[in-house]
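Asker: Protein chains in written order, with this note's numbering: chain A, 1 to 366; chain B, 1001 to 1141.
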Amino acid sequence: MAEQYPHLEKFRDQIQRCSRCGFCQAHCPVFGGTRRPALNARGKMLLLKEVLEGSLELNDELVESLFQCTTCASCTSNCPSGVDVPAIIKAARKQMVGLGTCHPAFSGMDQVLDEYDNIYAEDEPEDFDRVRGGKAEVVYFIGCVGQYREEDATEAALDLLDHLEVDYTLIDEVCCSGVLEDVGFSIKPALARKNIERILATGAKTLVTGCPYCYRTFSKQEAYAPLREAGLTIVHLSQFLAGRDLGLRSDLKVTYHDPCDLGRHCGIYEEPRQTIKAVAPNFVELADHHQDALCCGAGGGVRGAYAKNSLAMARRRLAQVEDSGAEVLLTECNSCVHNLSNAKLRAQKFRVMTTPQFLMELIEES
Amino acid sequence: MEIKGYNFPDELYYDPEHFWVRVEGDELVMGMDDFAQKLAGEIVYVQLPSEGKKLKKGKKLAKVESGKWLGKVLSPVNGELIAVNEDLELKPELINQDCYGAGWMYRLRANALSELEDLLRGADAVRAWVEAEIAKHASEG
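#1: Note down, in chain order, all residues in the stretch 344-357 of chain A with a beta-carbon under 7 Å from any beta-carbon belonging to chain B.
#2: Can you tell me the Cα-Cα spacing of Ala2/A and Glu9/A, whole angstroms?
#3: Which residues, in order along the stretch 1069-1090 of chain B, keep a beta-carbon less than 7 Å from a beta-carbon of chain A?
#4: Output yes or no for whether 9 Å exceeds the beta carbon distance between Asn282/A and Asp323/A.
#5: Got a sec? Which residues, its chain only, sit under 6 Å from Trp1069/B by beta carbon, not counting five neighbours each side?
#6: Just to confirm the assignment, what range does the beta strand (DSSP E) spanning Ala1062/B have?
#7: Look at the Cβ atom of Glu1027/B, then the Cβ atom of Leu1108/B, and state whether they are nearer than 9 Å.
#8: Which ranges would you report for the alpha helix (DSSP H) in the stretch 191-222 of chain A if only whole runs of at least 4 residues count?
#9: Closest to Gly143/A by CA distance: which of Cys28/A, Asp288/A, Gln4/A, His236/A is it?
#10: Once you ignore the five residues that flank Ala1084/B on each side, which residues in its own chain have a CB closer than 6 Å to its CB?
#11: Just the Cα atoms here: how many angstroms apart are Asp162/A and Asn78/A?
#12: Would you check if the distance between the CB atom of Ile88/A and the CB atom of Phe11/A is smaller than 9 Å?
#13: If you reduce the DSSP assignment to three classes, tell me which class Met1/A lands in.
#14: As an exercise, report each continuous alpha helix (DSSP H) stretch of at least 4 residues that is fully enclosed by the stretch 59-115 of chain A, in chain order.
#15: Apply the 10 Å Cβ neighbour rule to Ser1050/B and answer buried if 16 or more other Cβ atoms are within range, or exposed otherwise.
#16: Check for me: the alpha helix (DSSP H) holding Glu1024/B runs from which residue to which?
#17: Between the Cα of Glu197/A and the Cα atoms of Asp182/A, Leu330/A, Gly134/A, Lys253/A, which residue gives the shortest distance?
#18: At a Cβ threshold of 9 Å, is Ala2/A touching chain B?
#19: According to DSSP, simplified to helix, strand and coil, what is Trp1069/B?
#20: What alpha helix (DSSP H) runs, 4 residues minimum, are completely inside the stretch 222-281 of chain A?
#21: Hey, out of Gly100/A, Arg317/A, Val139/A, Ala73/A, whose CA is closest to Asn339/A's CA?
#22: From Lys253/A, Val138/A, Glu155/A, pick the residue whose C-alpha is nearest to that of Val328/A; which is it?
#23: Report the residues of the stretch 1039-1071 of chain B with a CB closer than 9 Å to any CB of chain A, ordered along the chain.
#24: Look at the Cβ atom of Ile171/A, then the Cβ atom of Thr206/A, and state whether they are nearer than 9 Å.
Quick look at the structure:
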């Protein structure tokens, strides 16, 4: 058996360490949205334990469970046995893809990135009417969601950089392809090479991105090591903005949704709050926040593969916003703002936007 | 009328972007046509903008998304959005189940009903258009 599933074997100890206590169930967004125990972290670990014991085959029948995980890591944050579930899920998916079994939406992502420079197979990127490929102190990397799905959020981020008189340039960016690592495939070296060459050609010292996932990819993935080796400082936009005196003030009751990729995966919790609280002192936390934040349901390829369940997960998060009495929900991730906006019911009167959108509204009003 | 397995009721107007329009008094009801809903697959999200939204002919009215596609709904006329099908908020699949009935999307008021003249109507025109669309997508697919 040891050679049958080499990706999973690396995690045999951890999979066996799951004591089936079920602490993860209370935090798992997939369970919360579906109420199906087979879909929470414990259920997934039980399946994989049987796979490693040889009593269950790693085949198409397990796609529904193992590919339906947002890799949000809330289970891991609350696991007394220290099981790194997202890493195990990624390994299981790679194993399954290697065996020729995969959710079609995920294999579709891999195929799209063989043919297109973006994850949505779109032909025409929004122009944003900014310099691309210039020389500047800062490169701003938009990411696919900001480029093709949440253009207003990107426009606000760029307007804010303009307002702050930041010396920045865009590049002719391509998908960082980091998400492929989550869904059973691998980063495309050709895409990484294009991004690296174009970023470094600007002569910038700092790479800023509004996308938490791109930030994670650039900061941590081996394929993007040349950016780090070149001495580039890589930050998320929320870090770039933290500590700046924006001279703005809002009396609105505001709350904040921690994106999993920024919070649990990168430990960035306080920088966004620093900016928001300085502007909106009437700030409230949601019932679950910081490392306990409830996932919006969009990550790990779930928004594409299981859209209805993904929206159901977002609605659970939005119920917390309603309970908080907040008038505005802010977040720092285009994927989160996309899913939360899509899921918001018309009866829910609070607004959903990115922090830069909120700041730009205040700037335009002042 | 049925055209190669797709249902296109005779009395409706059709926008080339695959939305149908029905005249009800001085109001218009619109939705996605049968060809589009079948091509899109299960609809998972329909944007329902606020009533009162000003509409410009050919400009984005809303977004609609299926598991494999995200599209824009373009307004067929200049005018105003006066109602949305709130049932689609939690049951967007109604578009797949009954695209000309329970799956209607928006109710509009046009500045001038004469703008409908730019849309397709009548068996011959609709059939020629749909058959061309089927052939186009077959060659692309």
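Where is the CB? At the ideal position from N, CA and C, for every residue including glycine.
Answerer: So, to answer that:
#1: If the cut-off is 7 Å between Cβ atoms, the stretch 344-357 of chain A has Leu345, Arg346 near chain B.
#2: Position 2 of the first sequence, counted from the start, is the residue given in the question as residue 2/A. Position 9 of the first sequence, counted from the start, is the residue given in the question as residue 9/A. Annotation note: pLDDT 48 at Ala2/A (below 50); position unreliable, coordinate value reported separately. One C-alpha to the other measures close to 7 Å.
#3: Glu1086, Glu1089
#4: The residue given as residue 282/A occupies position 282 in the first sequence. The residue given as residue 323/A occupies position 323 in the first sequence. Going by C-beta atoms, Asn282/A is not nearer than 9 Å to Asp323/A.
#5: Stepping through the second sequence from its first residue, residue 1069/B is reached at position 69. Once the five neighbours on either side are set aside, the close Cβ partners of Trp1069/B are Ala1040.
#6: Position 62 of the second sequence, counting from 1, holds the residue named residue 1062/B. Residues 1060-1066.
#7: To locate residue 1027/B, count along the second sequence from 1; it is residue 27. To locate residue 1108/B, count along the second sequence from 1; it is residue 108. Cβ distance < 9 Å, so Glu1027/B and Leu1108/B count as in contact.
#8: 212-220
#9: Counting from 1 along the first sequence, the entry for residue 143/A is found at position 143. Ranking the options by Cα distance to Gly143/A, first place goes to His236/A.
#10: In the second sequence, residue 1084/B corresponds to position 84, counting from 1. The residue you asked about is not Ala; residue 1084/B is Val in the sequence shown. Taken in chain order, the residues that qualify are Leu1048, Tyr1106.
#11: If you number the first sequence from 1, residue 162/A lands on position 162. If you number the first sequence from 1, residue 78/A lands on position 78. In a straight line, the C-alpha of Asp162/A is about 41 Å away from that of Asn78/A.
#12: If you number the first sequence from 1, residue 88/A lands on position 88. If you number the first sequence from 1, residue 11/A lands on position 11. Yes, these two residues count as a Cβ contact at 9 Å.
#13: Position 1 of the first sequence, counted from the start, is the residue given in the question as residue 1/A. Since pLDDT at Met1/A reaches only 44, below the 50 mark, its modelled position is unreliable, and the value read off the structure follows with that caveat. In the displayed model, Met1/A falls within coil according to three-state DSSP, outside both helix and strand.
#14: Within the stretch 59-115 of chain A, the complete alpha helix (DSSP H) runs of at least 4 residues are 63-66, 74-77, 85-98, 104-115.
#15: Within the second sequence, the letter at position 50 stands for residue 1050/B. Under this definition Ser1050/B is an exposed residue.
#16: What you label residue 1024/B is simply residue 24 of the second sequence in a count that begins at 1. If you look at Glu1024/B, you'll find it isn't in any alpha helix (DSSP H); it sits in the beta strand (DSSP E) that goes 1019-1024.
#17: The sequence position of residue 197/A within the first sequence is 197, counting from 1. When only C-alpha atoms are compared, the closest one is Gly134/A.
#18: Within the first sequence, numbered from 1, the residue matching residue 2/A stands at position 2. Reliability of the predicted coordinates at Ala2/A is poor, the pLDDT of 48 falling under 50, and no value is obtained from them.
#19: Here residue 1069/B refers to the residue found at position 69 when the second sequence is read from its first residue. Trp1069/B: strand per DSSP, three-state reduction.
#20: 225-229, 237-241, 270-279
#21: Here residue 339/A corresponds to residue number 339 of the first sequence, with the count starting at 1. Taking only the C-alpha atoms, the option nearest Asn339/A is Arg317/A.
#22: For the purposes of this step, residue 328/A is taken as the residue at position 328 of the first sequence. If we check each option's Cα against that of Val328/A, Lys253/A comes out closest.
#23: Glu1042, Val1044, Tyr1045, Gln1047, Leu1048, Ser1050, Lys1063, Glu1065, Ser1066, Gly1067, Lys1068, Leu1070
#24: Here the question's residue 171/A lines up with position 171 in the first sequence. Here the question's residue 206/A lines up with position 206 in the first sequence. Pairing Ile171/A with Thr206/A gives a Cβ-Cβ distance that is not under 9 Å.
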